[in-house]
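Colleague: This note's numbering puts the first residue of the sequence shown at -17, with every later residue one more than the last.
The beta carbon of each residue, even a glycine, is placed where N, CA and C say it ideally should be.
Below are the structure tokens for one structure; questions will follow.
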Amino acid sequence: MNRKMKKYLFYLLWLVAGCTSDYQIETEQKQVKLTPIQDDVCPDINCFNNKMISKGVATQSQLEYFFNRVNYKDSIIRVMNKPGTSNPWYIFKKNNVSSITIRQGINFYNKNKLVINTVSKKTGVPPEYILAILGMETRYGMMMGHENVADSLYTLAFYYPRRARLFQKELEEFFLMSQEANRDPFTYKGSFAGAMGYPQFMPSSYRKWAVSYSGNDFPDIWHKEEDAIASIGNYLQQHGWQRGEGVYYPVSLNINPQLQTIITEETSLKYSVGDLKSKGVNFFNKLPDNLKVVLFKLETSPGSDSYFVGLNNFYTIWKYNNSHLYVMAIEQIAQGIRKGIY
-17 MNRKMKKYLF YLLWLVAGCT SDYQIETEQK QVKLTPIQDD VCPDINCFNN KMISKGVATQ
43 SQLEYFFNRV NYKDSIIRVM NKPGTSNPWY IFKKNNVSSI TIRQGINFYN KNKLVINTVS
103 KKTGVPPEYI LAILGMETRY GMMMGHENVA DSLYTLAFYY PRRARLFQKE LEEFFLMSQE
163 ANRDPFTYKG SFAGAMGYPQ FMPSSYRKWA VSYSGNDFPD IWHKEEDAIA SIGNYLQQHG
223 WQRGEGVYYP VSLNINPQLQ TIITEETSLK YSVGDLKSKG VNFFNKLPDN LKVVLFKLET
283 SPGSDSYFVG LNNFYTIWKY NNSHLYVMAI EQIAQGIRKG IY
């Protein structure tokens, strides 16, 4: 049976589930009690189903079809419960910024030069940043994940109370995404957390920012490199990428309680260059006093911190992955790729 026929049969089952009521949901076996952490978090599957039906997200039969087939994955919970580690920049850089990733990025560019340049011209995002994100996220499509996305989202939505609100919302988005694409929900593959395709978009990100390069189809970020490229460019553009602007600059300062508070605050473009100058930050680069920036520090060698300000484009990349280390790695990879493609 060819791939198109399999996809059609999967969709036919999903469509039939939306029109009939033959399935009986087995909530007694699937249900797990959660402690609601927000008013809009459902403590059980019945609550979630009622919410989806009342919002018009899915029919009773579609929900029965889904919950009678979906599987709990204890391996996902074990991964999520592993103690987190936060490496300093000098270790993170060693582990994530490699000549191999840069070389693969250059090769990927040469293979997709026309598409990447077209997307770059349209969005204002330089090719090297699109490539760097592809490299960091999935090594240019080589590590997209093999988990069943339905199982991942179900497991995290109902068996991981700390993030129940997030994953119940993503499961809702996943239902909508599957219906909009006329695709059976059990045909999607991704990471253990439900991130999908070359760019590792969650369902909500897919629905908001994934685009088809040709403009004729639903975005296929799993198999079409051009759609993945276009989607990353669109994401960065829609999150405020400034054409021709840098990402970060080094600064110097004598740390004091006021500056330490600013550094440890939630990442945002809250302070201007002028604000930071008045608090003792020295700038090596000439920047407008009214320019909003992010002040942050990195441990660049054991016991030694360096200080930087991130510009708007720094903040834009940070929205893709909320980590200063991630943004700096993207910048380092991008600069390495840039040297090989221009």
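Would Ser254 pass as a contact of Asn236 if the rule is Cβ separation under 8 Å?
Modeller: Against a cut-off of 8 Å, the Cβ pair of Asn236 and Ser254 comes out as no contact.
Colleague: Please report the residue range of the beta strand (DSSP E) in which Glu281 lies.
Modeller: Run containing Glu281: 274 to 283, per the beta strand (DSSP E) assignment.
Colleague: By DSSP's criteria, Gly172 is part of a beta bridge. Which residues make up the other side?
Modeller: DSSP, once it has assigned bridges, lists Glu129, Met178 as partnering Gly172.
Colleague: Taking only three categories from DSSP, how would you classify Val233?
Modeller: Strand, per DSSP.
Colleague: Below 8 Å on the Cβ atoms is my guess for Lys171 versus Val131; work out the distance and round it to an integer in Å.
Modeller: Indeed, because the Cβ distance is near 7 Å, the residues count as touching under 8 Å.
Colleague: Going along the chain, which residues of its own chain have a beta-carbon closer than 8 Å to the beta-carbon of Val61, five neighbours each way excluded?
Modeller: Answer for Val61: Phe174, listed in chain order.
Colleague: Give the straight-line distance between the Cα atoms of Glu248 and Ile35, rounded to the nearest whole angstrom.
Modeller: For Glu248 and Ile35, the distance between alpha carbons rounds to 36 Å.
Colleague: Enumerate in chain order the residues of its own chain whose CB-to-CB distance from Val263 is below 6 Å, with the five nearest sequence positions on each side excluded.
Modeller: Cβ neighbours of Val263 beyond the five flanking positions: Val233, Leu235.
Colleague: For Phe278, does the count of other Cβ atoms within 10 angstroms reach 16, so buried, or fall short, so exposed?
Modeller: Under this definition Phe278 is a buried residue.
Colleague: Using a Cβ distance threshold of 8 Å, determine whether the stretch 104 to 115 contacts the stretch 141 to 155, with at least three qualifying pairs required.
Modeller: No, the stretch 104 to 115 is not in contact with the stretch 141 to 155.
Colleague: Can you tell which of Glu208, Ser196, Leu153 has the C-alpha that lies nearest to the C-alpha of Arg189?
Modeller: Taking only the C-alpha atoms, the option nearest Arg189 is Leu153.
Colleague: Since Gly256 is in the alpha helix (DSSP H), which residue starts that stretch and which ends it?
Modeller: Segment 255 to 260, the alpha helix (DSSP H) holding Gly256.
Colleague: Looking at the unbroken beta strand (DSSP E) that takes in Asp287, where does it start and where does it end?
Modeller: Looking at the DSSP string, the run of the beta strand (DSSP E) that includes Asp287 is 286 to 292.
Colleague: Between the Cα of Ala311 and the Cα atoms of Asn28, Phe74, Gly87, which residue gives the shortest distance?
Modeller: Ranking the options by Cα distance to Ala311, first place goes to Phe74.
Colleague: Do you know offhand how far Pro167's Cα is from Ser134's?
Modeller: Approximately 12 Å, taken between the alpha carbons.
Colleague: Taking 6 Å as the limit between beta carbons, can you name the residues of its chain near Asn31, skipping five residues before and five after?
Modeller: Within the same chain, Asn31 has close Cβ partners Leu45.
Colleague: Note down, in chain order, each residue of its chain lying with its Cβ closer than 7 Å to the Cβ of Gln219, except the 5 sequence neighbours on either side.
Modeller: For Gln219, where only same-chain residues beyond five positions count, the Cβ hits under 7 Å are Thr105, Gly106, Val107.
Colleague: Considering Cα atoms alone, identify which of Trp204, Asn50, Asp209 is closest to Trp198.
Modeller: Residue identity differs from the one stated: residue 198 is Asn in this sequence, not Trp. If we check each option's Cα against that of Asn198, Asp209 comes out closest.
Colleague: Report the three-state DSSP secondary structure of Ile323 (helix, strand or coil).
Modeller: Residue state, collapsed to three classes: helix.
Colleague: Would you kindly report the start and end of the unbroken alpha helix (DSSP H) that includes Asn89?
Modeller: Asn89 -> alpha helix (DSSP H) spans 81 to 93.
Colleague: Is the stretch 36 to 55 close to the stretch 280 to 298, with three or more CB pairs under 8 Å?
Modeller: The stretch 36 to 55 is not in contact with the stretch 280 to 298.
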